[in-house]
Amino acid sequence: MRKTMDIPAEPYAFALNLRQCALLIIDMQRDFLEPGGFGEMLGNDVSQLRRTIEPNRRLLAAWRAARLLAMHTREGHRPDLVDLPPAKKIRGRSATCIGDAGPMGRILVRGEPGHDIISELYPASGEPVIDKPGKGAFWATDLHAILQHRGIKQLVVTGVTTEVCVNTTVREANDRGYDCLVLEDCVGSYFPEFQATGLKMIKAQGGIFGWVSNSDAVIEALAA
Ligand code: C5J
125 MRKTMDIPAE PYAFALNLRQ CALLIIDMQR DFLEPGGFGE MLGNDVSQLR RTIEPNRRLL
185 AAWRAARLLA MHTREGHRPD LVDLPPAKKI RGRSATCIGD AGPMGRILVR GEPGHDIISE
245 LYPASGEPVI DKPGKGAFWA TDLHAILQHR GIKQLVVTGV TTEVCVNTTV REANDRGYDC
305 LVLEDCVGSY FPEFQATGLK MIKAQGGIFG WVSNSDAVIE ALAA
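Here the sequence shown stands for residues 125 to 348, where the numbers follow the numbering used here.
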């Protein structure tokens, strides 16, 4: 397999370097994606996120077949909630908030069923899982250290939600010197207008935060 390959992308082709890239799948957790989970309990349309499952599944299979590094993140908190900022706990003034009993166990608490990753994209043995207390995957985690130790300089980013944890992570990565390629069919938002704008904000101004492409482009390049 060639070491570098040009992936058609916006605002221009992304030079994927197979020796320095990792796939980062953000927060594909049951509570966000599954019918009956916390996301749906809040009134969100989970089908907007569920359309990303199949492209992510195909991408992850191709990525694993190419023996490249895949990583997963989960948003959530310690069971005693000592890492939950009070401001995050009360934000939204919802009757049910983080740490409370939800439809799939305590909401966004590590170890609870709803906090876990959906079965379709379950991490394989050896794939690092980053438990993050915030929206960005770099804040208060060892993600940057793990990437540095492996010589990773590029991230292919997928997951949910586009305007929240995906965008925050891409911005954090950009400030730390990583090039990010975001795959539009593999990222999702409960809100179609935020999906569109979240992607536009990444690729605007010559790729101010990164590049945008799709899973077929990456899968085809890996197969070539
Ligand atoms: C994520 C959220 N994962 N929307 N969380 O985006 O609160």
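Backbone N, C-alpha and C fix where the C-beta goes; we use that ideal spot for every residue, glycine too. Note that the structure is predicted; figures quoted are calculated from it, not measured.
Collapsed DSSP secondary structure at tryptophan 263 in the structure displayed: Of the three classes helix, strand and coil, the one that applies to tryptophan 263 here is coil, per DSSP.
Cβ neighbour criterion (16 or more within 10 Å) applied to serine 313: Label assigned to serine 313: buried.
beta-carbon aspartate 299 near the ligand C5J non-hydrogen atom, thresh 7 Å: For the ligand C5J, not one heavy atom lies less than 7 Å from the Cβ of aspartate 299.
Counted within 10 angstroms of its Cβ, other Cβ atoms place histidine 273 as buried (16 or more) or exposed: Looking at its Cβ environment, which holds fewer than 16 other Cβ atoms inside 10 Å, histidine 273 is exposed.
Proximity test, phenylalanine 156 beta-carbon vs the ligand C5J heavy atom, cut-off 7 Å: Yes - the ligand C5J has a heavy atom lying nearer than 7 Å to the Cβ of phenylalanine 156.
Contacting residues, own chain, Cβ-Cβ under 6 Å from leucine 346 (five flanking each side not counted): Cβ neighbours of leucine 346 beyond the five flanking positions: Ala186, Ala190.
Close beta carbons around leucine 140, own chain, < 8 Å, minus the five adjacent residues each side: Shown here for leucine 140: same chain residues with a beta carbon closer than 8 Å to its own, the five before and five after excluded, namely Thr128, Met129, Asp130, Ile131, Gln278, Val280, Leu305, Val342, Ala345 in chain order.
Close Cβ partners of phenylalanine 333 (< 6 Å) along its chain, the five nearest in sequence each way excluded: The residues are Val294, Arg295, Asn298, Ile326.
DSSP-derived helix/strand/coil call for proline 179: Here proline 179 sits in helix by DSSP.
Candidates Gln153, Leu271, His196, of which the one nearest arginine 143 by Cα: Comparing Cα positions, the closest option is Leu271.
Contact test: lysine 212 Cβ vs the ligand C5J heavy atom, cutoff 7 Å: In this structure, lysine 212 has its beta carbon at no less than 7 Å from each heavy atom of the ligand C5J.
Per DSSP, the bridge partner or partners of phenylalanine 138: Bridge partners of phenylalanine 138: Ile131.
Chain-order list of residues whose beta-carbon lies under 7 Å from that of serine 249 (same chain, five-residue window excluded): In the same chain as serine 249, and ignoring 5 residues on each side of it, no C-beta atom comes closer than 7 Å to its own.
Cβ neighbours of glycine 229 in the same chain (closer than 6 Å, five flanking residues each side left out): Once the five neighbours on either side are set aside, the close Cβ partners of glycine 229 are Glu236, Pro237, Gly238.
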